[in-house]
Amino acid sequence: MDLDAPDNLHSNPDAPVRPDTPVGAATAWTAVVPGPFFGGFTYHFDLDTGPVPAPGVRVRVPFGQSERVALVLEPAPNDEQETRPILEVLDAAPLLDAETLACLRWAAAYYHHPLGDVVFAALPKVLRGERRLEVEALASTPAGREALSEGAARGERQREALEALAASKQPVPAAKLGPAAVRRRLVEKGWAESTRITAPADWPVPAEPGSEAAPALNHQQQDAVEAVVSGGDGFQAWLLHGVTGSGKTEVYLALIERELAAGRQVLVVVPEISLTPQLIDRFARRLAVQPAVLHSGLADGERLTAWRAVAAGTAGLVIGTRSAAFVPLARPGLIVVDEEHDAALKQQEGFLYHARDVLVWRARQLAIPILLGSATPSLESLRHAWAGHYRHLRLSERATGARMPAIHCLDVRGQTMEAGLSPALLRAIERHLLDGGQVMLYLNRRGYAPSLLCHACGYVAGCPHCDAFLTWHRQIGRLRCHHCGFEQGVPAECPACQAPLSVRGLGTEQLEDVLAARFPGFGIVRLDRDATVGKGVMAESLARIARGEARLVVGTQMLVKGHDFPGVTLVGVVNADQALFASDFRGPERFAQSLLQVAGRAGRAERPGEVLVQTHDPDHPVLRRLLAEDYEAVMAGQLTEREQAELPPTRFAGLIRADAPQADTARAFLAKVAEELRESFGEELSVWGPVPAPLARRAGRYRFQLLLLARVRSTLHRALWQVDDSVGSRRLGGRLRWSIDVDPIDLA
């Protein structure tokens, strides 16, 4: 995202409440509801009692033949058009402040997504309906104060409750005033008055100071901290490019501690839920704060409590995944995005936003610094840093002084492989285990085997709903489609010719079994999406590795998500070719990121590390360049290639996807869109397609896509608005679904 790109991409995202219209005096209001609506609806308000509307509060409104919960955006013109009434105001105070509403309006416009869906997605699930944030409370009365002064309240609990009421100028939540029977007697005697108030957004404050002392920063870490501090409290985007093990988290902690001491809030966003337990524990031990946590794995009540504490400012530190990008901040001071290159920061269904880019826009709006950290920054962020849009900070040394591991290629052409492992890799595994080290093997394919194959007739177990093979999960005895979720039992024989079936390919389950049999007694842990299901499973697996109970670690992409495994001395990349020869134009970038991230798990403590990469093409230019040069040099080469091919980040991209039960329906729809765009924009816009998606059929629906590329961002958005308007004005049959993906990171 360009920092100098115009903010006003569609409607005005910064539209303020008109200064000549006092909020309390307005009688017409614009409100949004979830659904396929790009704008809001106007309602009038003429209730005499209860709360009055304001931007950010929920209201109950008539909608069609039913009633819906809507959220108020702003006062509307008091024109003569007939409007329907607001039936009820559900909140005494706004749930979303003006800054958050402006951000949501900008995001809806930028990503071409219905505004109501965007706004309601930013609320905790329990607030998307009519749930009230009210609790019973008691207020002091003259009779109660007199009873307290005269000692009429003889019971200890009654006296304590009266003292609490007398000391407070506001009603006190009933739950804080003792048992229900005590509260009831106070009201019956007239010593207290019952009322209802908005529930307080409390957050625990640890009584003990941090138990972990901050280590002395090395000169590179100290330089990074001082650079950010000297940059002031206003907006500045910083790219912290630090090799794995360089101590980026210590830089985060030093800056966070400074912000918290100044009374400001810090938002830390990580790509994966699995990373939050480690950060929470580490930050709590160091900073003596209880971080508020926001991610999809929380119970609804937990998420609501944390969200409200952040919005109210009672929680100073919040750690969350991408959805935390929209949490209201009462006292914003700093935003940190860890592993900023990670694809998990981009939402892939529904509202297709990129949390990193949203947070850069939000930091500028809030006039606070944002720190983007990674050992392998995205090409987009590096390009901004090279152009001077971001300030570039580098940590080129490991914080412990340990050397970066040596990376070697293993040419597996003509080799006799055992479950995908070459003799050289097997010997290295044995050597490191006998030397007391831990071994990590990376294979980005879960399951026991990618598919079952019949050698007699060529049958391969495929998904009946997708153009994909079924993966055999031996531990649960099922064949499963990783695209639509379809499952079936494992056939005893080939359903076509009744011959025996054999496995084709290699998955993490099979690799785990082979290693456990070949190296018994060393303990093994598998880290992938199937093996870490359930609360606490991931944390226990990581604890086993940390305690040395598991000397062998097998996993998928989950291994490269920022975990610290100081005992690992050997990393084996089982199948580099899978990523090297990916069809997506981002394939070389992702391969480089994955290789360096997983390689960085080795040799982080006293023992030297070794990385072995199995490949059938050891002379591949990307692989050779990675071994001979540093990451930035590789990315500079990629940028040159992208410029020559007119691909992002040197061009602005939008992907229009369509799917339908019949292939012709989706193809014809996109062909019509492509024709209209080519006619309207000519050479200003490159229109590629329509073409079948890489996975052409998924869940019984045929998928096609249209790629738009423009030199100027505004051209791309004008084209997408034309699509919004033209498609929205005509009826679509054939159960067609379509979507727009701005700045797509995945063409699948």
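According to my numbering, the stretch in the sequence shown is residues 253 to 1000, in order. Note that beta-carbon positions come from the ideal geometry of N, C-alpha and C, so glycine has one too. Computed from a prediction, not measured in an experiment: that's the story for all the values here.
(1) May I ask you to report which of helix, strand or coil DSSP gives Ser498?
(2) Under three-state DSSP, which class holds Pro529?
(3) Using C-beta distances below 6 Å, list every residue in its chain close to Trp990, excluding the 5 sequence neighbours before and after it, in chain order.
(4) Can you tell me which of the three DSSP states Leu339 falls into?
(5) Are the CB atoms of Leu811 and Val850 nearer to each other than 7 Å?
(6) For the beta strand (DSSP E) containing Arg312, list its first residue and its last residue.
(7) Are there three or more Cβ pairs, one per stretch, closer than 8 Å when the region 550-565 is compared with the region 610-625?
(8) For Arg537, does the count of other Cβ atoms within 10 angstroms reach 16, so buried, or fall short, so exposed?
(9) Quick check: Ala595 and Ile997, are their CB atoms within less than 7 Å of each other?
(10) Per DSSP, what are the beta-bridge partners of Cys355 in this structure?
(11) Using beta-carbon positions only, say whether Leu961 and Ile992 come within less than 7 Å of one another.
(12) Quick check on Leu662: does DSSP put it in helix, strand or coil?
(13) Could you give the DSSP three-state label for Met692: helix, strand or coil?
(14) Mind checking which residues open and close the alpha helix (DSSP H) that includes Pro327?
(15) Output needed for Glu801: all residues of its chain with C-beta closer than 8 Å, excluding positions within five of it in sequence on either side, in chain order.
(16) Just to confirm the assignment: which complete beta strand (DSSP E) runs, minimum length 3, are found wholly within the region 843-925?
(17) I'd like to check one pair, Cys736 with Ala951: are the Cβ atoms closer than 7 Å?
(18) In angstroms with no decimal places, state the Cα-to-Cα distance between Phe293 and Asp609.
(19) Near Val371, which residues of its chain fall below 6 Å by C-beta distance, leaving aside the five closest residues on each side in sequence?
(20) What residue range does the alpha helix (DSSP H) around Ala582 cover?
(21) Please work out which residues of its chain come closer than 7 Å, Cβ to Cβ, to Gly276, disregarding the five sequence neighbours upstream and downstream, and give them in chain order.
(22) Return the Cβ separation of Arg847 and Val826 in integer angstroms, given the expectation that the two are a contact with Cβ distance under 8 Å.
(23) Once the 5 residues before and after Leu922 are set aside, which same chain residues still bring their CB inside 6 Å of it?
(24) To which residues of the same chain is Leu539 closer than 8 Å at the C-beta, ignoring the five residues directly before and after it?
(25) Just to confirm, are Glu326 and Thr282 a CB contact at a threshold of 7 Å?
(26) From this set, Leu348, Val503 and Glu893, which residue's C-alpha is nearest Val562's C-alpha?
(27) Between the region 876-891 and the region 836-846, can you find at least three pairs of beta-carbon atoms closer than 8 Å?
(28) Note down, one range per segment and in chain order, each alpha helix (DSSP H) of at least 4 residues found wholly within the region 587-645.
(29) Pop quiz: Arg853 and Val806 are said to be a contact at Cβ under 8 Å. What is the actual Cβ separation, rounded to whole angstroms?
(30) Are the beta-carbon atoms belonging to His493 and Arg310 less than 7 Å from one another?
(31) If you reduce the DSSP assignment to three classes, tell me which class Gly396 lands in.
(32) Assuming Ala744 and Ala708 make a contact with CB atoms under 8 Å, what is their CB distance in whole Å?
With the structure as the only source:
(1) For the purposes of this step, residue 498 is taken as the residue at position 246 of the sequence shown. Looking at Ser498 - three-state DSSP - the assignment turns out to be coil, as it is neither helix nor strand.
(2) Residue numbering aside, residue 529 sits at position 277 when the sequence shown is read from its first letter. If DSSP states are grouped into helix, strand and coil, Pro529 belongs with the helices.
(3) Numbered from its first residue, the sequence shown carries residue 990 at position 738. So the qualifying residues of the chain are Ala910.
(4) Taking the first residue of the sequence shown as position 1, residue 339 is located at position 87. Note: Leu339 maps to coil in three-state DSSP.
(5) Sequence index remark: in the sequence shown, residue 811 carries index 559 (1-based). Sequence index remark: in the sequence shown, residue 850 carries index 598 (1-based). Yes; because the gap between Cβ atoms is below 7 Å, this pair is in contact.
(6) Walking along the sequence shown from the start, residue 312 turns up at place 60. Here the beta strand (DSSP E) through Arg312 covers Arg310 to Phe315.
(7) no
(8) The count along the sequence shown starts at 1 and reaches residue 537 at position 285. Burial call: exposed.
(9) Your numbering for residue 595 matches position 343 in the sequence shown. Your numbering for residue 997 matches position 745 in the sequence shown. Their beta carbons are under 7 Å apart, which means Ala595 touches Ile997 by this criterion.
(10) Taking the first residue of the sequence shown as position 1, residue 355 is located at position 103. Bridge partners of Cys355: none, in fact.
(11) Along the sequence shown, read from residue 1 onward, the residue named residue 961 stands at position 709. Along the sequence shown, read from residue 1 onward, the residue named residue 992 stands at position 740. Not a contact, by the Cβ cut-off of 7 Å.
(12) Stepping through the sequence shown from its first residue, residue 662 is reached at position 410. Strand, per DSSP.
(13) Your numbering for residue 692 matches position 440 in the sequence shown. Correct three-state label for Met692: strand.
(14) Position 75 of the sequence shown holds residue 327. Pro327 -> not in any alpha helix (DSSP H); beta strand (DSSP E) instead, spanning Ser318 to Pro327.
(15) Counting from 1 along the sequence shown, the entry for residue 801 is found at position 549. Same-chain partners within the cutoff: Gly775.
(16) 862-867 and 904-912
(17) Here residue 951 refers to the residue found at position 699 when the sequence shown is read from its first residue. Here residue 736 refers to the residue found at position 484 when the sequence shown is read from its first residue. In contact: Ala951 and Cys736 (Cβ atoms closer than 7 Å).
(18) On the sequence shown, position 41 is the one that residue 293 refers to. On the sequence shown, position 357 is the one that residue 609 refers to. Rounded to whole angstroms, Phe293 to Asp609 spans 29 Å at the Cα level.
(19) Your numbering for residue 371 matches position 119 in the sequence shown. Excluding sequence neighbours, Val371 sits near Val284, Leu323 and Leu356.
(20) Along the sequence shown, one-based indexing puts residue 582 at 330. Looking at the DSSP string, Ala582 is not in any alpha helix (DSSP H), and its letter there is neither H nor E.
(21) Along the sequence shown, one-based indexing puts residue 276 at 24. With a pLDDT of 47 at Gly276, under the threshold of 50, the modelled position of that residue is not reliable, and the figure given next carries that caveat. Here the set comprises Val304.
(22) The residue given as residue 847 occupies position 595 in the sequence shown. The residue given as residue 826 occupies position 574 in the sequence shown. One detail in the question is off: residue 847 reads as Leu in this sequence, not Arg. Contact flag wrong, Cβ pair sits at about 12 Å.
(23) Start at 1 with the first residue of the sequence shown, and residue 922 comes out as number 670. Answer for Leu922: Ala910, Pro942, Phe956 and Leu958, listed in chain order.
(24) Counting from one through the sequence shown, the residue named residue 539 turns up at place 287. Correct list, in chain order: Gly462, Leu505, Ile508, Glu509, Leu512 and Leu569.
(25) Locating residue 326 in the sequence shown gives position 74, where the first residue counts as 1. Locating residue 282 in the sequence shown gives position 30, where the first residue counts as 1. Yes. Within cutoff.
(26) On the sequence shown, residue 562 is found 310 positions in, with the first residue counted as 1. Comparing Cα positions, the closest option is Leu348.
(27) yes
(28) 607-618 and 631-639
(29) What you label residue 853 is simply residue 601 of the sequence shown in a count that begins at 1. What you label residue 806 is simply residue 554 of the sequence shown in a count that begins at 1. Wrong, their Cβ atoms sit about 13 Å apart, outside the cutoff.
(30) Stepping through the sequence shown from its first residue, residue 493 is reached at position 241. Stepping through the sequence shown from its first residue, residue 310 is reached at position 58. Contact flag unset, no.
(31) The count along the sequence shown starts at 1 and reaches residue 396 at position 144. Helix, per DSSP.
(32) Walking along the sequence shown from the start, residue 744 turns up at place 492. Walking along the sequence shown from the start, residue 708 turns up at place 456. Not quite, the Cβ-Cβ distance comes to about 15 Å (not below 8 Å), so this is no contact.
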